[in-house]
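Asks:
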Amino acid sequence: MAKKRSSDSTIVVTGGAGFIGSHLVDRLTEAGHQVVVIDDLSGGYREYVPKKAKFFKADIRDWSAMDEIFAQVQ
Numbered sequence: 005m006a007k008k009r010s011s012d013s014t015i016v017v018t019g020g021a022g023f024i025g026s027h028l029v030d031r032l033t034e035a036g037h038q039v040v041v042i043d044d045l046s047g048g049y050r051e052y053v054p055k056k057a058k059f060f061k062a063d064i065r066d067w068s069a070m071d072e073i074f075a076q077v078q
């Protein structure tokens with residue numbers, strides 16, 4: 005298991021509501037990182053995202069949505 009620590013930076017995971025992405029988000033949050041998940045839920049499920057992670061439903065191809073999300077998480 006990863007060592008728990010706090011982090012000043014935020015990690016963004018695209019596709020974090022899918023099978024592989026959600027497991028990555030689990031590990032990162034367990035390690036004490038701040039995690040933001042961006043997913044359009046076309047192949048994933050909102051309930052796969054840990055409650056400790058901040059979730060945004062968006063398509064990463066939508067530049068204006070990405071601008072809004074990154075402005076919120078800075």
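Be aware that the sequence shown starts at 5, since it is given in the numbering used here, and climbs by one per residue.
Glycine is no exception: its CB is placed at the ideal position from the N, C-alpha and C atoms.
Tell me whether D30 sits in a helix, a strand or coil according to DSSP, three-state version.
Replies: By 1-based counting over the sequence shown, the position of residue 30 is 26. In this structure, D30 counts as helix in the three-state DSSP scheme.
Asks: Using only CA atoms, which one of L45, S46, A35 lies nearest to K56?
Replies: Position 52 of the sequence shown, counted from the first residue, corresponds to residue 56. If we check each option's Cα against that of K56, A35 comes out closest.
Asks: Figure out for me which residue from S46, Q78, V39, R31 has the closest Cα to the Cα of K58.
Replies: Taking the sequence shown and counting its residues from 1, the one referred to as residue 58 is at position 54. Closest option to K58, Cα to Cα, is V39.
Asks: Consult DSSP for I15 and reduce its assignment to one of helix, strand or coil.
Replies: By 1-based counting over the sequence shown, the position of residue 15 is 11. Correct three-state label for I15: strand.
Asks: Work out the CA separation of G25 and V17 for me, nearest whole Å.
Replies: Position 13 of the sequence shown, counted from the first residue, corresponds to residue 17. Position 21 of the sequence shown, counted from the first residue, corresponds to residue 25. Roughly 7 Å between the two C-alpha positions.
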